[in-house]
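Notes for the one structure printed next.
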Amino acid sequence: MRPEQERELKRILDEAFRAFESGDDATARRLCRDALAIDPDSSTAHSLMGLIYDREGRAAEATGEFARVVTLNPNSDAERRTLRRLRGQRGAEPLDEESERPGGAIIAVAAVAALVVFASIFLASRMISHWVRDKSENNVIVASANVEEDLALAREAFDAGRYQTAMEASARVLRVEPDNQVAREIYERSQAFLRGTQQPPAPPVTQTAPAPIQTAPQPVQSQPAIPQAGAPAVAVA
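Numbering (the working numbering), first residue to last: 530 to 766.
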């Protein structure tokens, strides 16, 4: 039976039992038939159907339902006692002391309630196990998708020179897949680049006075000689 069928069967049986307890036999009968359409061998549905027929005075139908329950579940003492009581009423076999007790129907109802509780617990455990398995599978799928996305982001960021982003993306990959060599290489190379670009800045260059401009020496012009005092001037012919 598929998990969704188990959930639907549990829901129908719970509603059928509530309808039976409130005296709505028609609704309870319809819900029991819906449950048997899902699982023809549901002893809980057959037992509840037998109680409905028994309360309506339909001994033959009730006997058939409880006989089916005893066949499906030979260890069910409550249903077996109810079956003996019904058969005794129809003259099929003598009554035993337990079946003559006025609380026989109450015991049968309690037995059905116990069956419903047991079925609910069983179905709930099956649903939880399926949910845990599905959740684990979904987590694996999501983790794989995230790894691919982060690895692609790490490559793209590294190629674009965004080494901090590349380190963060590759680190996320390594948390999921510690042995991913591509992610490890991107992480280590990005870290190395970041360490290279984060060196202390060089000290500022102090301004100095500009060097004097070197000019070519100018030629010295000759000056006329100054005559000595007291010396006669010599006429030049």
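A virtual CB, placed ideally from N, CA and C, is assigned to each residue, including glycine.
In this text the structure is predicted, and so the values were computed from the model without any measurement.
Residue 566 sits exposed, since fewer than 16 C-beta atoms from the chains shown fall within 10 Å of its C-beta.
Membership of residue 617 in the alpha helix (DSSP H) is indicated by the continuous run 606–618. Contact annotation: residue 608 and residue 599 have beta-carbon atoms nearer than 7 Å. Only exposed fits residue 705, as fewer than 16 other CB atoms lie within 10 angstroms of its CB. The region 531–571 contains, as complete alpha helix (DSSP H) runs of 4+ residues, the segments 532–550 and 554–567 (chain order). Residue 712 carries a helical assignment under DSSP once its states are collapsed to helix, strand and coil.
The beta carbons of residue 560 and residue 585 sit no closer together than 7 Å. The alpha carbon of residue 556 has as its nearest neighbour, out of 572, 568, 582 and 536, the alpha carbon of 582.
The beta carbons of residue 612 and residue 596 sit about 6 Å from each other, so the pair counts as a contact at 8 Å. DSSP places residue 718 within a helical segment (H, G or I) once states are collapsed to three.
About 4 Å separates the beta carbon of residue 572 from that of residue 601, a gap short enough to meet the 8 Å contact definition. Here residue 677 is exposed. Its C-beta has fewer than 16 other C-beta atoms within 10 Å. Here residue 685 carries a helix assignment [DSSP, helix/strand/coil].
Rounded to whole angstroms, the Cβ separation of residue 686 and residue 700 is 12 Å, and the two are not in contact under 8 Å. For residue 697, the uninterrupted alpha helix (DSSP H) segment begins and ends at 692–705.
If you look at residue 594, you'll find it in the alpha helix (DSSP H) that goes 588–601.
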